[in-house]
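Residue numbers (full-length UniProt numbering), protein chains in the order written: chain V, 1 to 186; chain G, 1 to 501. Ideal Cβ placement from N, Cα and C applies to all residues, glycine included. Given the structure is predicted, the values throughout are model-derived calculations rather than measurements.
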C-alpha cells in the first residue's frame with residue numbers, strides 16, 4: 001500500500017519542479033522517544049545531584065531529602081523503562097526546533113521583566129520604566145516573531161493595547177503596577 | 001433530599017444578589033471570550049486574575065473564577081464548530097462533527113444544540129454537586145493523613161490512566177511535577193532544598209509561573225513552530241434553535257453525556273477531559289448508523305458538549321468537599337481560596353455555608369447566562385475569531401507578563417515563566433503531556449505534608465498506609481486502575497478512544 005502511494009506521488013511531480021523537501025533526516029541513534037527517555041534520566045540525575053546534601057531521615061521520620069531522592073530515583077527508572085520499551089521502534093525525528101523564530105518573544109518577555117520595575121546589572125542600571133514602556137516593548141518584540149508581521153499595524157496595536165492594559169490593570173482592577181514613574185510619578 | 005433543596009435555596013439567596021450576579025456574568029463573559037480564542041485558556045486567564053481577586057469578597061471572587069472555567073467550556077465549542085480548532089482541550093471531539101455540520105450550513109443548529117445540551121448538563125451537574133456535597137464532606141472528615149495520602153496517590157494514578165498516549169511518559173510527568181514542588185524551603189525545617197541559592201527559588205516555584213510558562217508561553221511557541229491553519233467559516237450560520245423533533249432526537253445523547261461527564265468529572269485526576277471522548281465513543285457505539293459519525297451527526301456534538309460541561313462542574317466536588325484539586329484550574333481555585341484565607345477541605349461547608357452553596361447555586365445561574373451570552377451574541381464571537389493570530393499572541397504575551405509581574409511585583413517571575421515556556425515547548429516536541437506535570441506539582445506539597453503527618457502518627461512505620469482499611473482500599477483502586485491500563489487488550493481500546501476520528 002505504502003509503495004503504491006509512493007509511486008503515485010513520483011508520477012505526479014511535474015518535471016523540473018524539485019521534489020518536496022525530504023523530512024529532516026532522523027538520526028538513527030536518537031529520535032523522539034529515546035531523547036524523551038534520556039531527558040528523564042538526565043533530569044533525575046540532576047535532581048539527585050541537586051538534593052544530595054539533604055538528610056534522608058530526621059528525628060520525626062521523613063527528612064527533607066527523602067521525597068526528592070526517592071522521586072529522582074523513580075524518574076531515572078522511568079527513563080530507563082522508556083528507553084527499553086521504545087528501543088525496538090524506528091527512531092522518529094522530533095521535527096524542527098525553530099528556536100530562532102521564538103527568540104523575539106523571549107527577548108520581549110525579558111525586556112518586559114527588566115524594564116517594568118528596573119533592574120541592576122552590576123554597575124549598569126535599568127531605570128523603572130513602568131507599563132508605558134514595558135508593555136509596548138513586549139508586544140512589538142513578540143509580534144516580530146510572526147511570519148506575516150506588518151510593522152505599522154503592530155505598532156498601532158501595541159499603543160492601543162498598552163492603553164487598554166494600563167486602564168484595565170491599574171485603574172479598573174486597582175493593581176499597584178508602575179505605569180510611568182519617569183513621567184507621572186507612579 | 002429536603003435538606004438539599006434547603007441548601008440550594010440558601011445558595012440561590014446568596015448567588016442572586018445583584019453583586020454576585022454581576023460577578024457571575026463577568027466570569028461567564030470572560031470565560032466565553034478566552035474559550036473562543038484558541039491559545040488562551042482558563043488556566044492562564046485565572047492566573048492573571050488571581051491577584052485581582054484579593055480586593056473582592058470571597059464569594060464574589062470564587063463565583064467569578066468558576067464562571068471563567070465553565071464559560072470557557074462553552075466558548076471552546078463555538079471555535080470548534082466554526083473554525084475546526086478546539087478553543088479548549090475538551091472541545092476536541094466537538095470539532096469533528098461540529099465543523100462538518102457547519103460546512104453543511106448547520107452551524108447554527110450545532111451551536112444551539114451545544115448550548116442547550118450544556119445548559120441541561122449544567123443544571124443536572126448542579127444538582128449532583130448539591131446531592132454529593134454532604135456525603136462527600138462526611139467522608140472527608142473521616143480521612144486522616146494516611147487516607148488523604150492514599151487518595152492523592154489514587155488520583156494521580158487515575159490521571160496517568162486517563163492521560164493520552166504513553167503511560168510511562170504520563171507517569172514520569174507526574175513524578176517530575178511532584179519533584180518540582182519539592183524545590184524551595186522545607187515546610188518543616190525551613191531548610192532550602194534544591195534551590196542552588198537562587199533567591200527566586202527560595203519560596204519554591206510559583207504554580208502560576210509554571211502554569212503560565214508551560215501552558216501560556218509554551219502554547220505560543222508551539223503555534224509559532226507549527227502554525228495551525230485557521231479557516232473561519234464564511235458561510236451562513238443558519239437557524240440557532242433546534243426544533244422540538246431535533247431536540248427530542250438529541251435529548252438521549254445529552255442525558256447520556258451529562259451522566260458520563262458527572263461521573264468522570266468527580267474522579268481526582270481530571271476525568272473531565274476524558275468525558276467528551278467517552279461520550280463520543282458511546283454515541284457512536286449505540287448509534288444505528290455509526291458510519292455517519294465524522295460527517296456531521298448532531299448527537300456527536302450534543303453528547304460530548306454536555307459531557308464536558310457537566311464534567312467541568314462536577315470537578316469542583318473533590319476540591320470543595322475534600323480540598324483536593326483534580327486539575328490545574330481547580331489548583332488555581334485553591335490559590336484563590338487561600339488568598340481569601342479559606343483553607344479548602346471538608347470544613348468549608350460547615351464554616352462558610354453561604355460561600356459553598358452560593359458558589360454551587362451560581363453555577364446554575366451562570367449556565368443560564370451562558371445560553372443568553374452565547375446564542376444571540378454569536379456574531380460578536382465570530383468577529384473575534386477573525387482577529388489574526390499575529391496580533392492575538394503578542395496580546396497574550398503582554399497579559400501574561402503583566403499577570404506574572406503582579407504576583408509579587410517581581411520581574412524575575414516573568415523571566416522564569418519564559419524559561420518554563422521553553423520547557424513546555426520541549427515537552428510538546430517530545431510528546432509529553434503537560435497536564436499531569438501540573439497536577440503532580442499541585443498535589444506535591446499536600447502529598448509530602450500528609451506523608452509526614454501520617455508517618456509521625458505511625459511512629460515512622462510505612463505500614464500505616466495498608467493497615468487502615470480506607471487507605472488500603474484507595475491504594476488498591478489505584479493499583480487496579482494501573483494494572484488494567486497496562487493490560488494489552490484494554491490498552492488498545494483506551495488508545496482507540498483517543499485516536500477516534
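- Using a Cβ distance threshold of 8 angstroms, residue 179 of chain G and residue 205 of chain G do not count as a contacting pair.
- Pairing residue 327 of chain G with residue 261 of chain G gives a Cβ-Cβ distance that is not under 8 angstroms.
- DSSP, reduced to helix, strand and coil, places residue 152 of chain V within a helical segment of the structure shown.
- The Cβ atoms of residue 115 of chain G and residue 70 of chain G do not sit closer than 8 angstroms to each other.
- Inclusion of residue 121 of chain G and residue 81 of chain G in the CB contact set at 8 angstroms is not warranted, their separation being larger than that value.
- Under the Cβ criterion of 8 angstroms, residue 448 of chain G is counted among the residues facing chain V.
- Close to residue 189 of chain G, with beta-carbon spacing below 8 angstroms, are these residues of chain V in chain order: 58 and 64.
- Between residue 131 of chain V and residue 116 of chain V, the CB-CB gap stays under 8 angstroms.
- For residue 51 of chain G, the C-beta contacts it makes with chain V under 8 angstroms involve 175, in order along the chain.
- Within the segment 16-96 of chain G, the complete alpha helix (DSSP H) runs of at least 4 residues fall at 18-36, 42-49 and 58-83.
- Here the segment 93-100 of chain G does not lie against the segment 54-69 of chain G, with fewer than 3 beta-carbon pairs under 8 angstroms apart.
- Taking C-beta atoms as the reference points, residue 303 of chain G and residue 257 of chain G count as a pair closer than 8 angstroms.
- By the beta-carbon neighbour count (other beta carbons within 10 angstroms, threshold 16), residue 121 of chain V is exposed.
- Here the segment 364-381 of chain G lies against the segment 17-35 of chain G, with 3 or more beta-carbon pairs under 8 angstroms apart.
- Taking 8 angstroms as the upper bound for CB-CB distance, residue 135 of chain V and residue 398 of chain G are in contact here, some 5 angstroms apart.
- Bounds of the alpha helix (DSSP H) holding residue 305 of chain G are 299-314.
- Pairing residue 222 of chain G with residue 82 of chain V gives a Cβ-Cβ distance that is not under 8 angstroms.
- Counting along the chain, the unbroken alpha helix (DSSP H) around residue 449 of chain G starts and ends at 434-457.
- Counting along the chain, residue 147 of chain G sits inside no beta strand (DSSP E); it lies in the alpha helix (DSSP H) bounded by residues 145-162.
- Judged by beta-carbon spacing, residue 353 of chain G lies beyond the 8 angstroms limit of residue 321 of chain G, meaning their Cβ atoms are not closer than that value.
- At least 8 angstroms separates the CB of residue 218 of chain G from every CB of chain V.
- By the 16-neighbour rule on beta-carbons within 10 angstroms, residue 236 of chain G is exposed.
- Fewer than three beta-carbon pairs drawn from the segment 73-93 of chain V and the segment 143-151 of chain V are found closer than 8 angstroms, and the two stretches are therefore not classed as touching.
- By the Cβ neighbour-count rule, residue 156 of chain V is exposed, with fewer than 16 other Cβ atoms within 10 Å of its own.
- Annotation for residue 121 of chain V: the continuous beta strand (DSSP E) segment containing it runs 119-121.
- In the structure shown, residue 11 of chain G adopts helical secondary structure according to DSSP, grouped into three states.
- Nearest neighbour of residue 58 of chain V by Cα position, chosen from G/350, G/452 and G/165, turns out to be G/452.
- Residue-level contact by beta carbon holds for residue 135 of chain V and chain G, with a gap shorter than 8 angstroms.
- When Cβ-Cβ separations below 8 angstroms define contact, residue 117 of chain V makes contact with chain G.
- Contacts with chain V at 8 angstroms (Cβ-Cβ) include residue 418 of chain G.
- In the same chain as residue 317 of chain G, and ignoring 5 residues on each side of it, the C-beta atoms closer than 7 angstroms to its own belong to 129, 132, 136 and 266, in chain order.
- Any Cβ of chain G closer than 8 angstroms to the Cβ of residue 155 of chain V would place that residue at the interface, and such an atom is absent.
- Nearest in C-alpha terms to residue 355 of chain G, of all of G/99, G/63 and G/172, is G/63.
- Non-local C-beta neighbours of residue 301 of chain G in its own chain, meaning closer than 7 angstroms and more than five positions away in sequence, comprise 94, 97, 98, 101, 110, 113 and 114, ordered along the chain.
- Judged by DSSP in its simplified three-state form, residue 239 of chain G adopts coil rather than helix or strand.
- Of all residues in the segment 174-199 of chain G, only 175, 176, 178, 179, 182, 186, 188, 189, 191, 193, 194 and 196 come within less than 8 angstroms of chain V when Cβ atoms are compared, listed by chain position.
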